[in-house]
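Number of protein chains: 2
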Amino acid sequence: MENKLTFLELEQLVKDRRYQAIRDAFDYYNLVDLTNHVENLDLNEILLLFKILRKDITAEIFTYLSSEKQEDIITSFTGPQIAGMLENLYTDDIVDFLEEMPANVVKHILTNATAEQRAEINLLLSYPEDSAGSIMTTDFVELKASDTVKKSIQKIKQQGKVAETISYCYVVDINRVLVGSIKLRDILFADEDELISDLMDTDIVCVATTDDQEHTAALIRKYDVSVLPVVNNESRLIGVITADDIIDVITEETTEDIQKMAAVIPTSDSYLRTGVLEMTKSRIAWLLVLMVSATFTGLIIQGYEVQLASIPALAAAIPMIMSTGGNAGCQSSTMVIRGIAIDHMRIKDFGLVLWKELRVSLGIGLVLFVVNFFRLWIFMPSDTLMTDLVISLTLFLTVILANLTGGILPLVALVFKQDPAAMASPLITTIVDALALIIYFNLAMAFLGNLM
Amino acid sequence: MENKLTFLELEQLVKDRRYQAIRDAFDYYNLVDLTNHVENLDLNEILLLFKILRKDITAEIFTYLSSEKQEDIITSFTGPQIAGMLENLYTDDIVDFLEEMPANVVKHILTNATAEQRAEINLLLSYPEDSAGSIMTTDFVELKASDTVKKSIQKIKQQGKVAETISYCYVVDINRVLVGSIKLRDILFADEDELISDLMDTDIVCVATTDDQEHTAALIRKYDVSVLPVVNNESRLIGVITADDIIDVITEETTEDIQKMAAVIPTSDSYLRTGVLEMTKSRIAWLLVLMVSATFTGLIIQGYEVQLASIPALAAAIPMIMSTGGNAGCQSSTMVIRGIAIDHMRIKDFGLVLWKELRVSLGIGLVLFVVNFFRLWIFMPSDTLMTDLVISLTLFLTVILANLTGGILPLVALVFKQDPAAMASPLITTIVDALALIIYFNLAMAFLGNLM
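Going line by line, the protein sequences match chains A and B. If you're matching positions, the first sequence starts at -2 in the numbering used here and goes up one per residue. If you're matching positions, the second sequence starts at -2 in the numbering used here and goes up one per residue.
Listed below in structure tokens is the structure:
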């Protein structure tokens, strides 16, 4: 067979009712690629597909479909069909898709789940959004410290069929309190009658169900592990989170941060899938706030109309001063926001940040001062040297102010338990703009007062 | 024992030469946490530690240390000590740290490696930076299609000791061409004499050694796998990349994107570890470029001095128009840049982006137009209504222009094989600023010409 099946080929197979060829295709080709095609089939064709394919295959395809298609399929399903699907899904995948379904559909699904499934699903649904509990899976391998290697391998074979990962197994005591972890490889390489208690690691890195998913990602990054156990407030093991699940979390969280830094209220879907109305809503709020704040900058300029009229060169330099200040502030805030997100920078680093930004801004300010002074001297020969000096000095002070403001505000946000990413460029630009203009006009009046 | 060992406790143990207590501590506590302490010990104390601890433990600690400490340690090591360390490191970790070492240290290390190690290291070092080849590990489990399950388990026990992961094993033919993959769990759950060829998956997702690491991350995200095999241009299997390695790559790549979007030349280290000089260099280049570009905006304003002098309200609105345009453009570019990075948006989506941005900008522009008109009408009673109209109309057109520019430029960057992230806010702001002012003054002259 070829390496890829095209959408038209699949559609033709379904239209021709070539059941065996379809089954072979779904065994042979990559399911993620095939799901892209399934997504574009008619609902009736999908339902037909789901009837003829193995249940574990349809369950996997189902998890990759868009939530609209998932809803269409589930509402067309009979009770037993839903039950069959649920049986073949990991609980974290069930929860992921339930979170996107309307309430009546959720109810319909839950009535068809087994009592045990329902309990697990309800447990997972009860955790706060973005908590470790909400992204963990409850399907893992659990051993006892007193188990022998032989018994453990039996248990792994039993529990492993439904577990999301078997590379790490977790050891619990009689109260289900997590006491150790052990790599599958260490079990495989040990003698049959060695005890798990002698083999397991006791320095367990774990997260609580209520911990933020960002914290979970940070731990996986720091300790370089591929699975993290999740415990409740009594230290009992109730789930695990795998590195590949965390990749989605990191991607999602970073997208949110980047959107906030661009003054966009985070959208839940990708650019192409987000509707025009939702996109407009996510952008308009901050634009309105910033537009009104920019009015203050306008008022400041208006207050110095007379001075501007007497020295036109002053007006011409305003955009350059404002945009340089904005850019410099944006550089600092971006670097500190990323440092907070990735390198655990905290309020305690306030002094370090202040000191570093001060030195960096002195360097940058000095270079810009010199370059700008010569630029004006050469290209604006009609300016007086004193005017050039005032503009360059303002630029110098604006850069220092911008770097300090940009570096500090994200840390201040932490003090007030706000998201540092919201303290990004647009807000800082607005603040720096206003301060820069005040400095500018005061310097102008002090040094150029005789010309006004 | 307690859950954590403090730095002072560890230092005291080392000072008191309590070797057994130190060995126990390193068996009991988490190595990542202990490494933070080791980093702060004196070099002599570290060398002492490394003498008394097991080689596999010192090797693991070594990988977590900063490159400065690594260099200090390696240059103090004797040849046999280096050889012992290399034996206990995964090749990808060796390469990671070699990349940070000066040439003479690299040479010193390579002379102490075995011939086989040297060949592997040289192979990995030869791949372009940021390629899949440069981040893969060559330690993996390799099976033959004709192997039975029993034989495979033997092979896994043999090769698995040094393999970075055993959750996935890879099947190669006689020419070492990758023909299939199989999960360890599927081997464990099968009968002893089943053949690997009957169990293995043949729809392999893999990357080439020269593929970009970002592409690798995208595949791991798309196919939801925890390991990806790496093949050379003859389809021969030569390495694997695990999901937890990819987390570091994603973090690094995103940080780079975010820095570029803030007009910072990416730094290789974290905020706190980057020196003042390096930080200054990474920021100054774009500030200079943008400062000079902002001069054009100043020149445009200067060209309309007369008009500004006759209607002062026009000057007061400039900062608001420029900053709103900048913010709107930044929102669009950020969302499209992220879409390109995460959701595979490409040049073919040009039309979709244009159409979406046009509709969003019409909505946003209209709201801002209305709000701004009433704001001016109420708070700036001295303006004529026609002036308010010109300002609001400019705002409307600027938003459309900003959204279209911001949405399109990142896609245009792709055409010229440039990084879309470099097309972010500061550059777009500068372009939009200039265009907005030209629109502004032309509208002003058309509608308010009689007042000038």
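Every residue gets a Cβ at the ideal spot worked out from N, C-alpha and C, and that includes glycine.
Cβ pair residue i, residue j closer than 9 Å
| i | j | result |
| --- | --- | --- |
| I315/B | I315/A | yes |
| H34/B | E8/B | yes |
| L196/B | S164/A | no |
| G130/A | G236/A | yes |
| D90/A | V222/B | no |
| S320/B | L287/A | yes |
| I43/A | I19/A | no |
Between the CA atoms of residue j and residue i - distance to the nearest angstrom
| i | j | result |
| --- | --- | --- |
| A60/B | E84/A | According to the sequence shown, residue 60/B is Thr rather than Ala. Each residue's Cα considered, the two are about 43 Å apart. |
| T391/B | G403/B | 18 Å |
| P344/A | R218/B | Per the sequence presented here, residue 344/A reads as Ile, with Pro not at that position. Using only the alpha carbons, I get a separation of about 33 Å. |
| H212/A | S267/A | 24 Å |
| L140/B | V168/B | 5 Å |
| E253/A | D340/B | 14 Å |
| M(-2)/A | E57/B | Below a pLDDT of 50, predicted positions are generally treated as unreliable, and M(-2)/A, at 42, falls in that range; the measurement from the model is reported next regardless. The straight-line gap from Cα to Cα measures roughly 45 Å. |
| V29/A | D21/A | 16 Å |
| N439/B | M332/A | 39 Å |
| F94/A | I79/A | 13 Å |
| A291/B | R372/A | 12 Å |
| D346/A | L269/B | 9 Å |
| S194/B | R15/A | 26 Å |
| S279/A | V261/A | 6 Å |
| E161/B | V228/A | 27 Å |
| R115/B | I238/B | 20 Å |
Chain B contact residues for residue i, given Cβ-Cβ distances below 9 Å
| i | result |
| --- | --- |
| E445/A | Sequence check: residue 445/A is Leu here, not Glu. Ordered by position in chain B, no residue passes the 9 Å Cβ test against L445/A, which lies about 17 Å from the chain. |
Simplified DSSP assignment, three categories, for residue i
| i | result |
| --- | --- |
| P378/A | coil |
| Y167/A | strand |
| M(-2)/B | Note that M(-2)/B scores a pLDDT of 42, beneath 50, so its modelled location is shaky; the value from the coordinates is reported in the next line. Of the three classes helix, strand and coil, the one that applies to M(-2)/B here is coil, per DSSP. |
| S232/A | coil |
| S265/B | coil |
| A205/A | strand |
| D198/A | strand |
| G272/A | coil |
| T239/A | strand |
| L38/B | coil |
| S128/A | strand |
| P309/B | helix |
| E139/B | strand |
| P423/B | helix |
| S223/A | coil |
| S178/B | strand |
| L86/A | coil |
With 16 other Cβ atoms within 10 Å as the buried cut-off, status of residue i
| i | result |
| --- | --- |
| I171/A | exposed |
| S178/B | buried |
| S307/B | exposed |
| W283/A | buried |
| R51/B | exposed |
| F462/A | Chain A is shown from -2 up to 449; residue 462/A falls before or after that span and cannot be answered. |
| G76/B | exposed |
| G272/A | exposed |
| G336/B | buried |
| P407/A | buried |
| P417/B | buried |
Neighbouring residues, chain B, relative to residue i (Cβ below 8 Å)
| i | result |
| --- | --- |
| K66/A | The premise fails here: K66/A is roughly 18 Å from chain B at the closest Cβ pair, so nothing lies under 8 Å. |
| P263/A | Result: empty, since nearest Cβ-Cβ is about 11 Å, beyond 8 Å. |
| T294/A | P316, M317, S320 |
| V222/A | D241 |
Closer than 7 Å at the beta carbon, the chain B residues around residue i
| i | result |
| --- | --- |
| E302/A | P309 |
| K154/A | L185, F186 |
| R356/A | V273 |
| M342/A | Y268, L269 |
Neighbour list for residue i in chain A, Cβ cutoff strictly below 8 Å
| i | result |
| --- | --- |
| A325/B | R280, L284 |
is_contact[residue i, chain D] using C-beta, thresh 9 Å
| i | result |
| --- | --- |
| I118/B | Here chain D cannot be found, since the structure's protein chains are A and B. |
Listed by chain order, chain A residues near residue i by CB distance under 9 Å
| i | result |
| --- | --- |
| D385/B | Residues of chain A passing the Cβ test: none, with the nearest at roughly 13 Å. |
Under 7 Å from the C-beta of residue i: neighbouring residues of chain A
| i | result |
| --- | --- |
| Y26/B | D200 |
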